[in-house]
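Whatever position you read off the sequence shown (first residue = 1), add 4 for this note's numbering.
Have a look at the structure below before the remarks.
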Amino acid sequence: MKYQTYLIKYGEIGIKGKNRYLFEDALVRQIRAALSRLEGKFHAYKAQGRVYVDCEGSYDCDEVTEALKRVFGIVGICPVVRREDRGFEELKKDVVAYMDEVYPDKKITFKVDARRARKTYPKTSMEINCDLGEAILEAFPEIRVDVHHPDVMLHVEVREDIYIYSEIIPGPGGMPVGTSGKAMLLLSGGIDSPVAGYMTAKRGVELEATYFHAPPYTSERAKQKVVDLAKLVARYSGPVKLHIVNFTDIQLAIYEDCPHDELTIIMRRYMMRIAEHFAKESGCLGLITGESIGQVASQTMQSLMATNEVCTLPVYRPLIGFDKQQIVEVSERIGTYETSILPYEDCCTIFVAKHPVTKPDVEKIRKSETKLEGKIEELFRQAVETAETVTVE
5 MKYQTYLIKY GEIGIKGKNR YLFEDALVRQ IRAALSRLEG KFHAYKAQGR
55 VYVDCEGSYD CDEVTEALKR VFGIVGICPV VRREDRGFEE LKKDVVAYMD
105 EVYPDKKITF KVDARRARKT YPKTSMEINC DLGEAILEAF PEIRVDVHHP
155 DVMLHVEVRE DIYIYSEIIP GPGGMPVGTS GKAMLLLSGG IDSPVAGYMT
205 AKRGVELEAT YFHAPPYTSE RAKQKVVDLA KLVARYSGPV KLHIVNFTDI
255 QLAIYEDCPH DELTIIMRRY MMRIAEHFAK ESGCLGLITG ESIGQVASQT
305 MQSLMATNEV CTLPVYRPLI GFDKQQIVEV SERIGTYETS ILPYEDCCTI
355 FVAKHPVTKP DVEKIRKSET KLEGKIEELF RQAVETAETV TVE
């Protein structure tokens with residue numbers, strides 16, 4: 005079936021009141037960006053409280069659908085056959101042809117749901133329902149009507165043109181990216197942080213990211229793994245500015261001067277400080293991490309409080325109440341899982357203590373950090389100034 009238009013259904017955008025147009029405009033921009041790299045010509049626009057994508061030239065329907073399924077704010081994607089109004093007899097032929105091609109197995113039930121947006125049309129919505137239903141039954145005697153639980157809900161919208169569709173492909177939901185500000189994601193090579201980025205972007209947040217690299221203890225393949233994860237997240241969030249920070253010297257200083265059971269917490273605190281530095285430079289409104297309560301020693305309530313203490317920006321943890329299996333399920337759905345489990349270590353796993361503290365005392369942690377005074381300031385400055393920044397699309 006050749007579709008000329010896609011009707012885009014949105015959810016909570018519809019309850020935004022006087023600001024609704026801002027969210028609709030953002031959704032249209034995100035749709036245009038998602039389709040810009042595909043073969044074919046696409047025109048995304050809003051009209052009469054609906055969002056449409058008109059298609060011209062040669063294009064791959066499956067590619068278009070997959071691209072739209074990654075645009076936050078969309079709850080339904082409806083491939084539409086669009087016809088000029090050539091009279092009701094021609095409309096009946098078009099509807100019968102649609103049913104014949106889209107549903108080769110005719111052992112189905114159906115219902116016609118007509119919407120007459122153009123009130124000058126000579127038939128009412130109820131008359132359209134009855135007459136088109138009759139035409140379908142005459143053409144295909146094996147098909148049955150079921151007005152309560154039909155297998156196929158055939159939608160016919162009468163506008164300037166006639167729109168015919170019956171399939172509603174689920175979209176990702178959420179809000180269009182860019183409608184809720186920007187935040188900085190602490191991105192590692194693990195399973196959790198890409199999922200945290202995805203879930204935050206789903207609420208309309210634009211993403212930047214910071215990754216902590218520790219050569220020679222971590223390889224270039226570990227770095228490339230994180231870049232690849234950022235690319236997978238960027239399929240949903242749009243381009244991600246990624247800051248790659250050389251964290252080796254800071255880690256070694258902490259390893260040499262601080263108690264080993266506190267290594268993870270103190271390193272985590274300096275990661276938060278550095279990520280916040282870049283976040284403030286970029287106008288971010290918070291930090292994002294993939295932490296979940298109790299998953300590892302650095303994610304107990306006491307540990308999270310200890311890392312929060314060094315931040316002045318809010319820290320968002322969208323996975324805070326998830327168990328590992330739930331996180332894995334999301335990562336598999338969004339396509340990051342197979343990359344996340346590649347066996348390339350990141351900087352966190354190299355300097356892990358055998359018996360890390362699980363209930364750190366903030367006062368004690370601060371006291372341990374005083375042992376770094378006199379050199380940590382310069383190491384911090386070098387890490388920030390030598391960071392590599394790339395834009396991942």
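Don't be surprised by glycine CBs; every beta carbon is placed ideally from N, CA and C.
Residue i in three-state terms, based on DSSP
i: K13; result: strand
i: M157; result: strand
i: M5; result: coil
i: H359; result: coil
i: T113; result: strand
i: A118; result: strand
i: L31; result: helix
i: L346; result: coil
i: V162; result: strand
i: I172; result: coil
i: E336; result: helix
i: E377; result: coil
DSSP bridge partner residues for residue i (one or two, in chain order)
i: L291; result: M188 and V319
i: T395; result: K245
i: A51; result: R54
i: H217; result: N250
i: E367; result: DSSP lists no partner for E367.
i: I324; result: For I324, which the question treats as bridged, DSSP gives no partner whatsoever.
i: F46; result: C59
i: V149; result: F114
i: E105; result: Looking at the DSSP assignment, E105 forms no beta bridge with any residue, so it has no partner.
i: L211; result: A187
Residue range of the alpha helix (DSSP H) that includes residue i
i: P198; result: D196 to A205
i: T311; result: M305 to N312
i: E280; result: L267 to S286
i: I132; result: S129 to A143
i: C262; result: Note, C262: premise wrong, no alpha helix (DSSP H); not H, not E.
i: V68; result: C65 to L72
Endpoints, beta strand (DSSP E) assigned at residue i
i: N250; result: V244 to N250
i: E88; result: I78 to E88
i: D165; result: D165 to Y169
Rounded straight-line distance, which links the Cα of residue j to that of residue i
i: A139; j: P108; result: 17 Å
i: G53; j: Q8; result: 19 Å
i: S372; j: F76; result: 44 Å
i: P198; j: D150; result: 44 Å
i: E377; j: E333; result: 43 Å
i: A118; j: Y56; result: 18 Å
i: A71; j: G178; result: 16 Å
i: F46; j: G175; result: 19 Å
i: E161; j: I17; result: 22 Å
i: M5; j: G339; result: 28 Å
i: K73; j: V209; result: 18 Å
i: P219; j: I254; result: 12 Å
i: V361; j: A257; result: 19 Å
i: L11; j: C82; result: 5 Å
i: L289; j: L317; result: 7 Å
i: I324; j: Y274; result: 21 Å
i: E224; j: V396; result: 17 Å
i: G185; j: S335; result: 24 Å
i: I297; j: V85; result: 49 Å
i: D261; j: E342; result: 37 Å
i: A283; j: T124; result: 55 Å
i: E313; j: Y25; result: 39 Å
i: I270; j: L246; result: 23 Å
i: V68; j: M188; result: 30 Å
i: F92; j: R148; result: 22 Å
i: Q299; j: T268; result: 14 Å
i: E285; j: E212; result: 11 Å
Test: residue i CB closer than 7 Å to a CB of chain C
i: S40; result: Here chain C cannot be found, since the structure has a single protein chain.
Whole-number beta carbon distance between residue j and residue i, since they are thought to touch under 8 Å
i: H159; j: S170; result: 6 Å
i: V366; j: A310; result: 5 Å
i: A51; j: I35; result: Wrong, their Cβ atoms sit about 14 Å apart, outside the cutoff.
i: I369; j: E266; result: 6 Å
i: I278; j: V388; result: 6 Å
i: C315; j: L346; result: Between L346 and C315 the Cβ distance is about 30 Å, and since that is not below 8 Å, they are no contact.
i: S398; j: E43; result: Nothing in the structure corresponds to residue 398, since the chain is present only between 5 and 397.
i: G242; j: A37; result: 6 Å
i: I112; j: D155; result: 4 Å
Closer than 6 Å: residue i CB and nearest the ligand FAD heavy atom
i: A37; result: Annotation note on the ligand FAD: not contained in the displayed structure, which lists no ligands.
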